[in-house]
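A short worksheet on the structure shown next.
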Amino acid sequence: MIDFTEVNRKYFDQLATTYQDRFARAVKTITEQTQQHRLWLSDRWTDTAAGQGQEVKMLEYACGPGTVSMALAPFLTNVVGIDVASNMVDEYNRNAQAAGLGEKVTGHVADLLAESVPAEFSGPEFNDFDVVTVSMALHHFEHPDQALKRLAARLKQGGVCYIIDLVAQASHGHGDDHGHDHGHSHGHTHRRQSLDLDDAAATIKTHGFSRADMLNLFEDAGLTVGFEHKVLSEPLELTKDGKAITKTVFIARAQRV
Ligand SMILES: C[S@@+](CC[C@H](N)C(=O)[O-])C[C@H]1O[C@@H](n2cnc3c(N)ncnc32)[C@H](O)[C@@H]1O
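Numbering (my numbering), first residue to last: 11 to 267.
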């Protein structure tokens with residue numbers, strides 16, 4: 011039985027030090043879009059009436075180098091990044107230090123989607139978040155539905171889940187169109203029989219999500235209030251076989267009751 015999370019961990023550990031350069035344009039787009047949509051995704055920030063003078067905490071799960079964390083940290087009191095790849099967490103903590111955010115932004119290595127999660131991640135520091143975000147990683151999870159349930163449980167009442175991911179393609183073929191560096195093209199889930207760790211496709215479980223997919227995932231996770239979904243007009247620039255390609259992404263949000 012293939013351990014899907016372990017395949018991801020190994021792949022992203024290898025990619026960690028070059029990730030931000032390799033995907034510089036995509037990182038820039040996610041940063042800008044997140045900042046532009048900040049008040050759309052939540053009304054609780056350190057500079058808004060709803061959050062001013064209070065603790066406002068965010069969890070970025072599968073944080074990688076922390077694209078969303080670094081974009082939103084100026085408007086939060088505490089930011090926790092968690093990823094299974096320790097080299098990614100090193101990049102995350104380095105970025106936080108470099109941005110002068112080390113006091114309130116901290117990265118940790120953990121698998122919060124595992125059957126049993128170490129007790130240290132059950133304390134108040136890792137619960138009752140105002141925002142839980144997953145950027146460009148939901149498609150890497152073996153069970154996106156279970157993942158959202160587990161992550162939603164870490165939100166406080168009224169807290170917001172914010173997802174950025176690939177739009178499922180309306181039509182698709184089968185076969186070999188899996189291998190771009192971020193590796194997505196089909197609107198379904200599947201499991202490959204053999205794995206090549208140099209192959210990004212091996213790390214992907216779901217090839218994009220439709221608006222209806224997101225609505226269902228959120229509702230099943232108890233995120234039944236305030237669903238919003240937007241396809242971004244600016245696509246993400248990625249690479250496939252060394253060539254630039256673009257992928258359409260969405261942002262979506264919903265709140266825990
Ligand atoms: C494409 S990167 C996205 C990184 C970052 N969120 C961003 O937007 O730039 C995917 C990240 O998901 C992490 N990842 C994959 N599966 C995971 C899992 N089951 N639990 C936690 N992190 C996971 C990888 O280690 C990697 O850092």
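Glycine residues also receive a C-beta, built at the ideal position from the N, C-alpha and C atoms.
(request) Just the C-alpha distance for GLN167 and LYS253, rounded to the nearest angstrom, thanks. (result) Here residue 167 is taken as the residue at index 157 of the sequence shown, counted from 1. Here residue 253 is taken as the residue at index 243 of the sequence shown, counted from 1. Taking the straight line from one Cα to the other gives about 44 Å.
(message) Looking at the secondary structure, which residues open and close the alpha helix (DSSP H) in which GLU6 lies?
(response) No answer is possible for residue 6: it lies beyond the span of the chain, which begins at 11 and ends at 267.
(request) Give every residue of the same chain whose Cβ lies closer than 8 Å to the Cβ of LYS114, excluding the five residues on either side of it in the sequence, and list them in chain order. (result) For the purposes of this step, residue 114 is identified with residue 104 of the sequence shown, where counting begins at 1. Cβ within range, chain order: ALA83, LEU86, THR87, ASN88, VAL89.
(message) For MET68, list the residues DSSP reports as bridge partners.
(response) In the sequence shown, counting from the first residue as 1, residue 68 sits at position 58. DSSP output for MET68 lists VAL89, VAL141 as bridge partner(s).
(request) Rounded to whole angstroms, what's the CA-CA distance from CYS73 to ILE92? Just pull it up for me. (result) Taking the first residue of the sequence shown as position 1, residue 73 is located at position 63. Taking the first residue of the sequence shown as position 1, residue 92 is located at position 82. C-alpha separation (whole angstroms): 6 Å.
(message) Is it buried or exposed, GLY76, if we count other Cβ atoms within 10 angstroms and call 16 or more buried?
(response) Mapped onto the sequence shown, residue 76 falls at position 66. Its Cβ being crowded by 16 or more others within 10 Å, GLY76 is buried.
(request) Would you kindly work out how many angstroms separate the C-alpha atoms of HIS198 and ARG221, rounded to a whole number? (result) Walking along the sequence shown from the start, residue 198 turns up at place 188. Walking along the sequence shown from the start, residue 221 turns up at place 211. Low confidence applies here, because HIS198 scores a pLDDT of 42, under 50, leaving its location unreliable and the question unanswered by this model.
(request) State the DSSP-derived secondary structure class of ALA59, mapped to helix, strand or coil. (result) Translated into the one-based positions of the sequence shown, residue 59 becomes position 49. DSSP places ALA59 in coil when its eight states are reduced to three.
(request) Report the option in ASP57, ALA162, ALA210 whose CA atom is closest to the CA atom of ASP251. (result) Translated into positions along the sequence shown, residue 251 becomes position 241. Comparing Cα positions, the closest option is ALA210.
(request) Check each candidate in ASN226, TYR172, HIS150 and name the one with the smallest Cα separation from ALA212. (result) The residue given as residue 212 occupies position 202 in the sequence shown. Answer by Cα proximity: HIS150.
(message) Once the 5 residues before and after GLN43 are set aside, which same chain residues still bring their CB inside 6 Å of it?
(response) For the purposes of this step, residue 43 is taken as residue 33 along the sequence shown, with counting starting at 1. Contacts found: LEU242.
(message) Does the beta-carbon of VAL78, which I'm using as the reference point, lie nearer than 7 Å to any heavy atom of ligand 1?
(response) Numbered from its first residue, the sequence shown carries residue 78 at position 68. Flag set: Cβ of VAL78 near ligand 1.
(request) Whole angstroms is fine: what's the gap from PHE33's alpha carbon to GLN46's? (result) In the sequence shown, counting from the first residue as 1, residue 33 sits at position 23. In the sequence shown, counting from the first residue as 1, residue 46 sits at position 36. Cα to Cα, PHE33 sits roughly 20 Å from GLN46.
(message) For SER132 and PHE228, what's the separation of their Cα atoms in angstroms?
(response) Position 122 of the sequence shown, counted from the first residue, corresponds to residue 132. Position 218 of the sequence shown, counted from the first residue, corresponds to residue 228. Taking the straight line joining both Cα atoms gives about 22 Å.
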